[in-house]
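Data block below; observations after.
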Amino acid sequence: MVATDATCSGLQILAGLARDAETARQVNVLPSDKPQDAYKVVAEAAAPNWRLTFVNPPLIPNPRSV
């Protein structure tokens, strides 16, 4: 029996196959002082691009109106 929190289980499997300690920590396979959240890490990394794309989108002309 394996007693593991199934946080992001697909990423847990990939972390194990790749033997990637950093990813394993982020998906709670390796011990940490507090529970980790891999989705939060990805969201924080993507936030600047999301803001540029959706909050202040670049002005791109509509090709149908040309």
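Each residue of the sequence shown is one higher than the one before, counting from 0 in numbering that gives the first Met the number 0.
We put the CB at the ideal spot given by N, CA and C, even for glycine.
The alpha helix (DSSP H) spanning residue i covers which residue range?
{"i": "Pro47", "result": "37-49"}
{"i": "Thr22", "result": "20-25"}
{"i": "Ser8", "result": "8-17"}
Once you ignore the five residues that flank residue i on each side, which residues in its own chain have a CB closer than 7 Å to its CB?
{"i": "Arg50", "result": "none"}
Roughly how many whole angstroms lie between the Cα atoms of residue i and residue j?
{"i": "Ile59", "j": "Ala46", "result": "21 Å"}
{"i": "Gly15", "j": "Ala37", "result": "15 Å"}
{"i": "Gly9", "j": "Ala42", "result": "17 Å"}
{"i": "Arg63", "j": "Lys39", "result": "38 Å"}
{"i": "Ala23", "j": "Asn48", "result": "26 Å"}
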